[in-house]
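Numbering-wise (our numbering), the sequence shown opens with residue 2 and increments by one. Glycine included, each C-beta is placed from N, C-alpha and C at the ideal position. These figures come from a predicted structure and were not determined experimentally. Please read the structure below before turning to the comments.
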Amino acid sequence: MCDEPDGSYCENLDLGREMARIVQDELEHFHLVIGLLQTRNIRFRRLPPGKYGKRLNELIRKQEPQTGGGSAVDCQLIEARSCERFDLLREHVHDRELAEFYGSLFESEARHHSTYVRLAKDFADDDAVRERFAGVGRRRSESHRRGG
Ligand SMILES: [Fe+2]
């Protein structure tokens with residue numbers, strides 16, 4: 002269900018607006034993190050990606066075709082994972098400022114998740130979305146059984 006013959010969605014205004022909002026939020030998070038690091042005298046540096054996130058990304062990349070609906074399902078899974086992490090962090094961190102910060106990130110990621118769920122349903126019918134979601138879920142379970 003691509004808008005363009007090349008499979009892009011460049012003329013889909015609703016999608017463009019939603020994606021721009023999400024990009025703005027993510028950039029704002031980046032600046033907030035940089036600010037927090039500076040006030041705490043922590044050097045900005047690359048951290049190695051976690052095993053779970055890496056495996057999830059690998060599973061998602063194997064899902065073909067990369068249609069708009071499929072991509073939105075994949076993105077909502079990533080946002081859901083972010084929600085899980087920020088929820089755990091805000092619950093367990095003893096630093097009040099950080100707990101509030103993680104809480105605000107949790108809320109933002111939850112909004113992103115909802116947006117991707119809505120977009121997935123705009124691009125594909127419920128069965129296709131469910132099938133995609135189940136496919137990633139199955140692969141994820143298989144990966145966990147193999148020790149991933
Ligand atoms: Fe997000």
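Check: To test your reading of the DSSP string, which unbroken alpha helix (DSSP H) runs of 4 or more residues are found completely within the region 40 to 110?; Outcome: 52 to 62, 69 to 93
Check: Is it true that the CB of SER109 sits closer than 9 Å to the CB of ASP26?; Outcome: yes
Check: On the premise that CYS84 lies in contact with ALA111, defined as a C-beta separation below 8 Å, what is that separation, rounded to the nearest angstrom?; Outcome: 5 Å
Check: Looking at LEU90 and ALA100, is the spacing between their C-beta atoms short of 9 Å?; Outcome: yes
Check: Evaluate ALA135 with the Cβ neighbour count: other Cβ atoms within 10 Å of its Cβ, from every protein chain shown; 16 or more gives buried, anything less gives exposed.; Outcome: exposed
Check: In chain order, what residues place their C-beta within less than 7 Å of a heavy atom belonging to ligand 1?; Outcome: ILE23, ASP26, GLU27, GLU80, SER83, SER109, GLU110, HIS113
Check: Any idea what DSSP makes of MET2, helix, strand or coil?; Outcome: With a pLDDT of 43 at MET2, under the threshold of 50, the modelled position of that residue is not reliable, and the figure given next carries that caveat. In the structure shown, MET2 sits in coil (DSSP, three-state: anything other than H, G, I, E or B).
Check: Taking the beta carbon of MET2 as the centre, do at least 16 other beta carbons fall within 10 Å, making it buried, or is it exposed?; Outcome: Since pLDDT at MET2 reaches only 43, below the 50 mark, its modelled position is unreliable, and the value read off the structure follows with that caveat. When all chains shown are included, MET2 counts as exposed.
Check: Could you say which of VAL34, LYS55, LEU57, ALA129 lies nearest to SER46 if we only look at CA atoms?; Outcome: It is Arg, not Ser, that sits at residue 46 in the sequence shown. Checked all of VAL34, LYS55, LEU57, ALA129; the closest Cα to ARG46 is VAL34.
Check: How long is the line joining the alpha carbons of TYR53 and ARG146, rounded to whole angstroms?; Outcome: 13 Å
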